[in-house]
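K.L.:
Dropping a structure here in structure tokens format, bear with me for questions.
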Amino acid sequence: MKIAAVVVLYNSKILNSETITNLFKSLKNDIELTIVIWNNGPSTLEKEDIQQYLERCKEQNIKSEIYQDCRNISLSMIYNFFIENNPDNDYYTIFDQDTLISKDFFKNIYDNKNYHVILPLIYSPNDETKIKSPSYPDHKPFHYGEFNLGDCYAIGSCISFSSHLVSLIKSTGTKCFDERYAFYRVDTEFFNNIKKFNSLKGICVGKTLHHLSEKDDPQKMHESKKLEVGYDKLLSRIYNRKKILLKNIIYCINLKIKYKISLLGFIKLIQCAITKKHPRTRFHIANEKSISSNFKD
């Protein structure tokens, strides 16, 4: 079985990524694995870090490609680029940089290759008693077992999906990930998109620990996170509820108050309400973007 996995890094060395550390520990029997590293900035990776990482890949017969783009490109564009440039795979998997996958993560994919979406139960490392993802549309926690596509939502990291599902999505004239969204809500819209294939099956199997962003308590959020939550909620309102500009500006005021967003952040929200676009959507990835480094056996 061929599996391609993308790991998006931001402000991290490759070998400091908990995801990478655990990928090397995972069981990969009968798996031909390709890891795509996408360094999203803010600075380029150190040569020594790249060299040591590629040596580890060589030791485990893992193919790998490294892309570097310090503009903090939107995740939806990265994911679509990753899929388009790795066409000959059976499954695709998406990872953040701080996911602690179990040793049997890829084995679970191999053992459940008749399913189109494969998800683990995800817990916070700080609380392994409460399921954080997936969840039902009414936000009730999920459980192990089979489900119809469209029955649940899950955070982006650790989503695995089949090449057949990719082909079905493309046949409808859309991309797998909605590029109107940049960071938050990219995963939500993926699951909204596959509801049309609800006769197909997915499965929830295995357990993963993941460091989750705090999205509910403004006191625990950096300004950049507050703004991304604001963009998420505002754009969802614009695209799904189609409110007039004045009402969306009033909504921006409410977001500023609720999340204690700075004046500069508030101005950026207003600009988003006017343009109806996430500011990161102005950045694009060239179709022939060059690989920074790679290893292929």
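Using full-length UniProt numbering, the first residue of the sequence shown is number 1, and each one after it goes up by one. Note that the Cβ used here is the ideal one computed from N, Cα and C, for glycine as well. Since the model is a prediction, treat every value here as computed from it, not as a measurement.
Give the DSSP bridge partners of residue 7, in chain order.
P.N.:
As a first step, residue 7 is located in the sequence shown; it is residue number 7 there, counting from the start. Paired residue(s): 37, 95.
K.L.:
Consult DSSP for residue 178 and reduce its assignment to one of helix, strand or coil.
P.N.:
Numbered from its first residue, the sequence shown carries residue 178 at position 178. Of the three classes helix, strand and coil, the one that applies to residue 178 here is coil, per DSSP.
K.L.:
Would residue 23 pass as a contact of residue 123 if the rule is Cβ separation under 8 angstroms?
P.N.:
Along the sequence shown, read from residue 1 onward, the residue named residue 23 stands at position 23. Along the sequence shown, read from residue 1 onward, the residue named residue 123 stands at position 123. Against a cut-off of 8 angstroms, the Cβ pair of residue 123 and residue 23 comes out as no contact.
K.L.:
What are the boundary residues of the beta strand (DSSP E) that residue 103 is part of?
P.N.:
In the sequence shown, counting from the first residue as 1, residue 103 sits at position 103. No beta strand (DSSP E) holds residue 103; DSSP gives it neither H nor E.
K.L.:
From residue 119 to residue 86, what does the alpha carbon distance come to, in whole angstroms?
P.N.:
As a position in the sequence shown, residue 119 is number 119, starting the count at 1. As a position in the sequence shown, residue 86 is number 86, starting the count at 1. Taking the straight line joining both Cα atoms gives about 21 angstroms.
K.L.:
Any idea which residues DSSP pairs residue 141 with across the strands?
P.N.:
Within the sequence shown, numbered from 1, the residue matching residue 141 stands at position 141. Residue 141 pairs with 135.
K.L.:
Whose CA, out of 249, 108, 237, lies closest to the CA of residue 31?
P.N.:
Position 31 of the sequence shown holds residue 31. Measuring from the Cα of residue 31, the nearest candidate turns out to be 108.
K.L.:
Given this structure, state the Cα-to-Cα distance separating residue 211 from residue 251, to the nearest angstrom.
P.N.:
The residue given as residue 211 occupies position 211 in the sequence shown. The residue given as residue 251 occupies position 251 in the sequence shown. Roughly 30 angstroms between the two C-alpha positions.
K.L.:
Taking the alpha carbon of residue 110 as the point to measure from, which residue in 128, 232, 223, 1 has its own alpha carbon closest?
P.N.:
In the sequence shown, residue 110 corresponds to position 110, counting from 1. Per the Cα distances, 1.
K.L.:
Alpha carbons only, please: which of 201, 261, 89, 177 is nearest the one belonging to residue 74?
P.N.:
Here the question's residue 74 lines up with position 74 in the sequence shown. For residue 74, the nearest C-alpha among the options comes from 177.
K.L.:
Count the other CB atoms within 10 Å of the CB of residue 71; is the residue buried (16 or more) or exposed (fewer)?
P.N.:
Position 71 of the sequence shown holds residue 71. With fewer than 16 other Cβ atoms within 10 Å, it is exposed.
K.L.:
Select from 112, 113, 127, 131 the residue whose C-alpha is nearest the C-alpha of residue 121.
P.N.:
For the purposes of this step, residue 121 is taken as residue 121 along the sequence shown, with counting starting at 1. Comparing alpha-carbon positions, the option among 112, 113, 127, 131 lying closest to residue 121 turns out to be 131.
K.L.:
According to DSSP, residue 161 sits in a beta bridge with which residue or residues?
P.N.:
As a first step, residue 161 is located in the sequence shown; it is residue number 161 there, counting from the start. According to DSSP, residue 161 bridges with 92, 117.
K.L.:
For residue 101, which of 240, 27, 268 has the nearest alpha-carbon?
P.N.:
Looking up residue 101 in the sequence shown gives position 101. Residue 101 has its Cα closest to that of 27, out of 240, 27, 268.
K.L.:
What residue range does the alpha helix (DSSP H) around residue 64 cover?
P.N.:
Working through the sequence shown from its first residue, we reach residue 64 at position 64. No alpha helix (DSSP H) contains residue 64, which is instead part of the beta strand (DSSP E) from 63-68.
K.L.:
For the ligand ATP, is there any heavy atom lying closer than 7 angstroms to the beta carbon of residue 251?
P.N.:
Looking at this structure, you won't find the ligand ATP or any other ligand, since it has none at all.
K.L.:
List the endpoints of the continuous alpha helix (DSSP H) containing residue 156.
P.N.:
Taking the sequence shown and counting its residues from 1, one reaches residue 156 at position 156. Here residue 156 belongs to no alpha helix (DSSP H), and DSSP marks it neither H nor E.
K.L.:
Can you give me the start and stop residues for the beta strand (DSSP E) that residue 206 sits inside?
P.N.:
Taking the first residue of the sequence shown as 1, we reach residue 206 at position 206. Its beta strand (DSSP E) spans residues 201-210.
K.L.:
How is residue 251 classed by DSSP in three states: helix, strand or coil?
P.N.:
Counting from one through the sequence shown, the residue named residue 251 turns up at place 251. In the structure shown, residue 251 sits in a helix (DSSP, three-state: H, G or I).
K.L.:
With DSSP collapsed to three states, give me the class of residue 305.
P.N.:
The chain is shown from 1 up to 297; residue 305 falls before or after that span and cannot be answered.
K.L.:
Name, in chain order, the residues that DSSP records as bridge partners for residue 84.
P.N.:
The residue labelled residue 84 in the question sits at position 84 within the sequence shown. Residue 84 is not bridged to any residue.
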